[in-house]
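Residue numbers (the UniProt record's numbering), protein chains in the order written: chain U, 1 to 352; chain Z, 1 to 352; chain G, 1 to 352.
Notes for the one structure printed next.
Right, dumping it as structure tokens:
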């Protein structure tokens, strides 16, 4: 599998490009781009890890956090540019609940079948809960106020921008807090860092080059994927919401999924939690607000109003994840519960 | 009292039967059946306990969980058969909030007046909270999706069946988890098992016979009770909802009520929590979904949509119980708080 | 500053009186009364502390709890008398969220910049969370029931009175529990009591006299302030809601604000939590219900129905505060998060 990675990456990338520019069958376009995105996301993940190896743990964590969601951010920017705000919000929703329920659930289940209990830093668990709650609040408050009080569109946009700004301030504060001022309080044991003691695959310069290359490739494939999603979803009768929240989100997070599960099976549940919860926090507190500011560059501006069912889904995912993770340990049954809640949400979205 | 138990059981049972089949005054029918239900529920409880004595703790726990809610399940099946879905949902709601607030509240208050602090397994407290939250999610998600997105009746029923299936899977997983794979992690000290060291009242064969007999009697009395409830509630101007959620629920849970309070006063709060929370979990995650499948056997099919006030009441009961029990200890004041929330809900339902 | 306190108190009080009775410019009336309220609140705080010094810790705590919110209660009674129920509810909402988010947030941030972690009694943290949740439930339940079930105005008032009665019972129970039966369980170390070892500024008789005097002054200034708020808020285009929930609430809680921040900077975060959370609990569970009963003395009666956005704001403040404080410790970042949520709510209320 490892030997075939780069050939397959190359083949699927070229095939996707040809399918897109030669206007081949849309279903084929979608499928080949969806497969390709898994490979480029994996490539991006490896490049990020390799750079993190040279840059040290602290900066590495920051890079991981910043590049890890690059695929989502780039996909979303293309959607924002085309004014497909509902699709953007659906895919953000899908990423958040996918990370919290699917990635964390599968990790806890896989790890829990091997180890009776898996423990991680209890302070981090508490802080994660609070931050996830902040993300819910930032979506819930504008929705309630705009609906109950019939705010004008201009006021809604201003409110959205201010809340987006607050979220970015909160996220930057979190980076300072968790990586500088209270780093040691929130750390697991050393062995949770998967890179520890491993030698790097690539040189420093090569790593940086691959990071840039992977990001560019992700950008291209994402655009092709988005182009075919709409036609594809119509063909199969899936709602835009279901495609955005589940199909696109699962594909876009493929790299995180496999990494987190593998870490959990090595009894490094703390690292798996950091990937799953950390990634969903970044989407809620950084990617989503940045997209609102990015939309100011284009003709139509995106506000922060998510639909009732999206907010409900995120709130449910956050509450159940908090309840499961609050005690700083996970078991197979808790993983199963998270997956079951994911199934419930998936089915509900499917029927919309 | 103990001596009079079986004579009174017999007398009220016969009287209920005569009153029902001879079409006596409806108020009298209701009262005598309501009294009788307390005795047959008590009889069922004793038979269950006695069987559990022979079958061992693990299987005993399972039997207790399965037969403990027999009265509710049987009452509910008759109501489902008659298409009285609103009454069914009201009585399920009433059972859940009655167990969480009234039974647990009265136990914590009674126990807390005798003992300053009563501790129970903190892992169990956390898991209970998560599972109760799952029950709320399973009611909340379909309600939100159906209301916001105007799902068709067919889609609503399919969604209901899938969610009901998920809940049963979650409940079966919980039995495996709490009774097999993680039994020791969730256990209290040995002395919380009330049967420990006691000799059985009845022989093994007698116990099984009484279990079957009691279940049959519960079935009959429940049907008679349900028959008179509607007329009775009209007469006194009580809403169907109030009767279902409070009067029927209190009567139907009489056996659990007295058992839990007596255990708490013996400083066995862990067992009281297991009865109160365990029973409400079984209703939310097993009885309710089973009823949805049972309704497929009849002409009209029941969906999983509870009314806004029912979901609100369950959510409130779950949140306050979680908050009170999360630290694995109870005091008199926490019991009083649960009872006060029960009063608030009771009054609110009364005015509907 | 200390030397100037009483002269400034006198000057602003006289100036406020003259401005009010001579019908000077309304903006000037508002500003001078707003400044004066800060001084009289401070005076009331000092008098209360001094009485507490003589009365002992237990009774002192009770007096502090009872007189600490005197300003809010008195302002509110005048508003109730004039039938300005929306303004009353807005200012109660503002006091609750202001204490939980602004006072506690600023304390945790200020204390956290000086001390890495600040710990307080973890049992108290849990109990506070439960009680705050009770306050939310008491507002949420009637709102949901009245809206979904279209209760009549009479039923709504009866429901309001019963719930108000329940809340007062809960609050009195809390005083007995936290000050008598479980006092020691909920206490911090001795040094958290700010009066310990300090000599009193005033004699016993003088302290009582000043307490009465300060309360009377608060009553007068509050009435003048309320008189000018309406005109003032129209002039600047602020909504009544924003003025009630933010401007009046910040002014009315000035004394608590400064005391709590100073205590936190002396590493007495437990005392700061007690002021912030204790004060908001008293408003939710005692001041608000008392006002409902007080309104029976006047022509128009106030019910317990808060608006959707007020309940949403209180629920959000309670959830985030619970999540932050549940572990019995605070850091600078947690303080910052609380302040950011306060900003989000403030901005949202501003746009209404």
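Glycine is no exception: its CB is placed at the ideal position from the N, C-alpha and C atoms.
Task: Nearest residue (CA-CA) to residue 227(G), options 179(G), 214(G), 244(G) and 292(G) - done: Here residue 227(G) is taken as the residue at index 227 of the third chain, counted from 1. Among 179(G), 214(G), 244(G) and 292(G), the Cα nearest to that of residue 227(G) belongs to 244(G).
Open item on the list: Can you tell me where the alpha helix (DSSP H) holding residue 26(G) begins and where it ends?
Closed with: As a working mapping, residue 26(G) is identified with position 26 in the third chain. Here the alpha helix (DSSP H) through residue 26(G) covers 26-55.
Task: Enclosing alpha helix (DSSP H) for residue 342(U) [first to last residue] - done: As a first step, residue 342(U) is located in the first chain; it is residue number 342 there, counting from the start. Where residue 342(U) is concerned, the enclosing alpha helix (DSSP H) stretches over 332-351.
Task: Test: residue 345(Z) CB closer than 9 Å to a CB of chain G - done: For the purposes of this step, residue 345(Z) is taken as the residue at position 345 of the second chain. Chain G contact via Cβ: present.
Task: Beta-carbon proximity check, residue 312(U) vs residue 94(U), cutoff 9 Å - done: Counted from its first residue, the first chain places residue 312(U) at position 312. Counted from its first residue, the first chain places residue 94(U) at position 94. Their beta carbons are not under 9 Å apart, which means residue 312(U) does not touch residue 94(U) by this criterion.
TODO: Can you tell me which of 111(G), 24(G), 134(G) and 237(G) puts its alpha carbon nearest to the alpha carbon of residue 352(G)?
DONE: Here residue 352(G) corresponds to residue number 352 of the third chain, with the count starting at 1. Among 111(G), 24(G), 134(G) and 237(G), the Cα nearest to that of residue 352(G) is on 237(G).
Open item on the list: My parser needs the alpha helix (DSSP H) runs of 4 or more residues fully inside the UniProt domain "Sodium/calcium exchanger membrane region" (207-350) of chain U; what are they?
Closed with: 249-252, 254-265, 269-282, 288-294 and 308-325
Open item on the list: Please return the same chain residues whose Cβ sits closer than 6 Å to the Cβ of residue 318(G), not counting the five positions on each side in sequence.
Closed with: The count along the third chain starts at 1 and reaches residue 318(G) at position 318. Result list for residue 318(G): 132 and 136, in chain order.
Open item on the list: Which residues in chain G have a C-beta closer than 7 Å to the C-beta of residue 327(Z)? List them in chain order.
Closed with: Translated into the one-based positions of the second chain, residue 327(Z) becomes position 327. Those are 126, listed as they occur along chain G.
Task: Any C-beta of chain Z under 9 Å from that of residue 179(G) - done: Numbered from 1 along the third chain, position 179 holds the residue referred to as residue 179(G). Chain Z contact via Cβ: absent.
TODO: Would you identify the three-state DSSP class for residue 119(Z), choosing helix, strand or coil?
DONE: For the purposes of this step, residue 119(Z) is identified with residue 119 of the second chain, where counting begins at 1. Strand.
- [ ] Consider the Cβ of residue 305(G): report whether some Cβ of chain Z lies at a distance smaller than 9 Å.
- [x] Here residue 305(G) refers to the residue found at position 305 when the third chain is read from its first residue. So, not an interface residue.
TODO: Alpha carbon to alpha carbon, how far is residue 306(G) from residue 347(Z)? Give it in angstroms, no decimals.
DONE: Within the second chain, numbered from 1, the residue matching residue 347(Z) stands at position 347. Within the third chain, numbered from 1, the residue matching residue 306(G) stands at position 306. About 18 Å.
Open item on the list: Using 8 Å for Cβ pairs, my map puts residue 88(G) next to residue 79(G). What's the rounded Cβ distance?
Closed with: If you number the third chain from 1, residue 88(G) lands on position 88. If you number the third chain from 1, residue 79(G) lands on position 79. With a Cβ gap of about 5 Å, residue 88(G) and residue 79(G) count as contacting.
Open item on the list: If contact is defined by three or more beta carbon pairs under 8 Å, each pair taking one atom from either stretch, is the region 163-180 of chain Z in contact with the region 20-35 of chain Z?
Closed with: no
Open item on the list: residue 211(Z) and residue 47(Z) - do their beta-carbons sit closer together than 9 Å?
Closed with: Counting from 1 along the second chain, the entry for residue 47(Z) is found at position 47. Counting from 1 along the second chain, the entry for residue 211(Z) is found at position 211. Yes, these two residues count as a Cβ contact at 9 Å.
Task: Test item: CB-CB of residue 246(U) and residue 29(U) under 9 Å - done: Counting from one through the first chain, the residue named residue 246(U) turns up at place 246. Counting from one through the first chain, the residue named residue 29(U) turns up at place 29. Taking 9 Å as the Cβ cut-off, residue 246(U) and residue 29(U) do not qualify as a contacting pair.
Task: Boundaries (first-last residue) of the alpha helix (DSSP H) holding residue 106(G) - done: Residue mapping note: residue 106(G) aligns to position 106 of the third chain, counting from 1. Unbroken alpha helix (DSSP H) run through residue 106(G): 104-114.
- [ ] Under the assumption that residue 74(Z) contacts residue 219(Z) (Cβ atoms under 8 Å), give the Cβ distance between them as a whole number of angstroms.
- [x] Counting from 1 along the second chain, the entry for residue 74(Z) is found at position 74. Counting from 1 along the second chain, the entry for residue 219(Z) is found at position 219. Sure, about 5 Å apart at Cβ, within 8 Å.
- [ ] Report the residue from 331(G), 203(G) and 251(G) whose alpha carbon sits nearest the alpha carbon of residue 127(U).
- [x] Residue mapping note: residue 127(U) aligns to position 127 of the first chain, counting from 1. When only C-alpha atoms are compared, the closest one is 331(G).
Open item on the list: Tell me the rounded alpha-carbon separation between residue 291(U) and residue 81(U).
Closed with: By 1-based counting over the first chain, the position of residue 291(U) is 291. By 1-based counting over the first chain, the position of residue 81(U) is 81. Their Cα atoms are separated by approximately 10 Å.
- [ ] Tell me, please, whether the CB atom of residue 117(U) is closer than 9 Å to any CB atom in chain Z?
- [x] Taking the first residue of the first chain as position 1, residue 117(U) is located at position 117. True, the Cβ-Cβ gap to chain Z drops below 9 Å.
TODO: Note down, in chain order, each residue of its chain lying with its Cβ closer than 6 Å to the Cβ of residue 273(G), except the 5 sequence neighbours on either side.
DONE: As a working note, residue 273(G) is residue 273 in the third chain. Excluding residues within five positions, the ones whose Cβ falls inside 6 Å are 120.
Task: Neighbouring residues, chain U, relative to residue 120(Z) (Cβ below 9 Å) - done: As a working note, residue 120(Z) is residue 120 in the second chain. None at all; the shortest Cβ gap to chain U is about 15 Å.
- [ ] Can you say whether residue 53(Z) is buried or exposed, counting buried as having 16 or more other CB atoms within 10 angstroms of its CB?
- [x] What you label residue 53(Z) is simply residue 53 of the second chain in a count that begins at 1. Answer is buried; the Cβ neighbour count reaches 16.
Open item on the list: Quick test of your reading: residue 111(Z) and residue 267(Z), contact by CB under 8 Å. State the CB separation rounded to the nearest angstrom.
Closed with: Stepping through the second chain from its first residue, residue 111(Z) is reached at position 111. Stepping through the second chain from its first residue, residue 267(Z) is reached at position 267. Contact flag correct, Cβ pair sits at about 7 Å.
Open item on the list: Assuming contact is defined by CB atoms lying nearer than 9 Å, are residue 261(U) and residue 11(U) in contact in what I supplied?
Closed with: On the first chain, position 261 is the one that residue 261(U) refers to. On the first chain, position 11 is the one that residue 11(U) refers to. The answer is no: Cβ separation not under 9 Å.
Open item on the list: Determine whether the beta carbon atoms of residue 264(G) and residue 41(G) lie at a separation below 9 Å.
Closed with: Stepping through the third chain from its first residue, residue 264(G) is reached at position 264. Stepping through the third chain from its first residue, residue 41(G) is reached at position 41. No, the pair does not count as a contact, with Cβ atoms beyond the cut-off.
Task: Limits of the alpha helix (DSSP H) - the one that residue 20(G) falls within - done: To locate residue 20(G), count along the third chain from 1; it is residue 20. Run containing residue 20(G): 5-21, per the alpha helix (DSSP H) assignment.
TODO: Taking the CB atoms as reference points, tell me whether residue 343(U) and residue 162(Z) lie closer together than 9 Å.
DONE: Residue numbering aside, residue 343(U) sits at position 343 when the first chain is read from its first letter. Residue numbering aside, residue 162(Z) sits at position 162 when the second chain is read from its first letter. Yes, they are a contact pair.
- [ ] Using a threshold of 9 Å, state whether the C-beta atoms of residue 106(U) and residue 326(U) are closer than that.
- [x] In the first chain, the residue the question calls residue 106(U) occupies position 106. In the first chain, the residue the question calls residue 326(U) occupies position 326. No, the pair does not count as a contact, with Cβ atoms beyond the cut-off.
Open item on the list: For residue 55(U), would you say it is in contact with chain A, using Cβ-to-Cβ distances shorter than 9 Å as the test?
Closed with: Structure shown: chain A not included; protein chains present are U, Z and G.
Open item on the list: Using a Cβ-Cβ cutoff of less than 7 Å, which residues in the same chain neighbour residue 251(G) once the five nearest sequence positions on both sides are dropped?
Closed with: Locating residue 251(G) in the third chain gives position 251, counting from the first residue. Within the same chain, residue 251(G) has close Cβ partners 34, 37 and 38.
Task: Cross-chain neighbours of residue 140(G) in chain Z, by beta carbon under 8 Å - done: Counting from one through the third chain, the residue named residue 140(G) turns up at place 140. Chain Z residues near residue 140(G): 312 and 316.
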